[in-house]
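Each remark here refers to the structure printed beneath this line.
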Amino acid sequence: MHTFFVTILTDGKKNLLQKDQYASLLVACLLHYRDQGKFALHAFVIMPDHAHIVLSPLDAHTVERSVQFIKGAFSYRMRKELGYQGAVWRQSFHDRRLRDEQALSAAIAYTHQNPVRRGLVSNEASYQFSSAHPSWL
Numbered sequence: 256m257h258t259f260f261v262t263i264l265t266d267g268k269k270n271l272l273q274k275d276q277y278a279s280l281l282v283a284c285l286l287h288y289r290d291q292g293k294f295a296l297h298a299f300v301i302m303p304d305h306a307h308i309v310l311s312p313l314d315a316h317t318v319e320r321s322v323q324f325i326k327g328a329f330s331y332r333m334r335k336e337l338g339y340q341g342a343v344w345r346q347s348f349h350d351r352r353l354r355d356e357q358a359l360s361a362a363i364a365y366t367h368q369n370p371v372r373r374g375l376v377s378n379e380a381s382y383q384f385s386s387a388h389p390s391w392l
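Note that this note's numbering has the sequence shown beginning at 256, numbered continuously upward.
What follows is the structure, encoded as structure tokens:
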């Protein structure tokens, strides 16, 4: 099983995900595919204009397919359930394979500290749209 640190960006780096309703929907998509066994979800954070996700694809899925599940489901649900019109995601995404436990720990720490570094919260556990928040344990 390979583990990846993935970054996905909104189209034009718009602050689309700063709305709680949109960020909550993206978390729901992540948890849905995790619960379906498409990937193991190690950590995530939903920032206003991007998301970091640490995941391990399962059942012969690739990292590309895992990201396609997430981005596709979110875009579909944004349009259908929330009436959003327009582009949602930048077409590409960035990924880095994590080769050992040290790299995995560093990626999780980076993910959880992202809202603190951006000045959105003073501690990682208080950011609602992160796996560091107690509600996602």
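All C-beta atoms in this analysis are idealised placements derived from N, C-alpha and C, irrespective of residue type, glycine included.
For residue i, the first and last residue of its enclosing alpha helix (DSSP H)
i    : result
A362 : 356-372
R334 : 318-337
Where residue i falls, given that 16 or more other Cβ within 10 Å makes a residue buried
i    : result
A387 : buried
H349 : exposed
E336 : exposed
A364 : exposed
Residues bridged to residue i [DSSP beta-bridge criterion]
i    : result
I301 : A306
W391 : Bridge partners of W391: none, in fact.
Cα-Cα separation between residue i and residue j, rounded to whole angstroms
i    : j    : result
V343 : T366 : 21 Å
Q346 : L264 : 9 Å
S311 : M256 : 7 Å
H305 : P389 : 21 Å
L375 : A278 : 14 Å
T317 : S385 : 23 Å
I301 : Q368 : 12 Å
P303 : G267 : 12 Å
R334 : N270 : 17 Å
L285 : L296 : 8 Å
Y382 : D275 : 12 Å
L298 : D355 : First, the residue type needs correcting, since residue 298 is Ala and not Leu in the sequence shown. So the alpha carbons of these two residues sit roughly 16 Å apart.
V309 : A358 : 11 Å
K293 : A361 : 23 Å
Secondary structure of residue i, DSSP reduced to three states
i    : result
F294 : strand
R351 : strand
S381 : helix
S279 : helix
S311 : strand
Where the beta strand (DSSP E) containing residue i begins and where it ends
i    : result
F259 : 258-264
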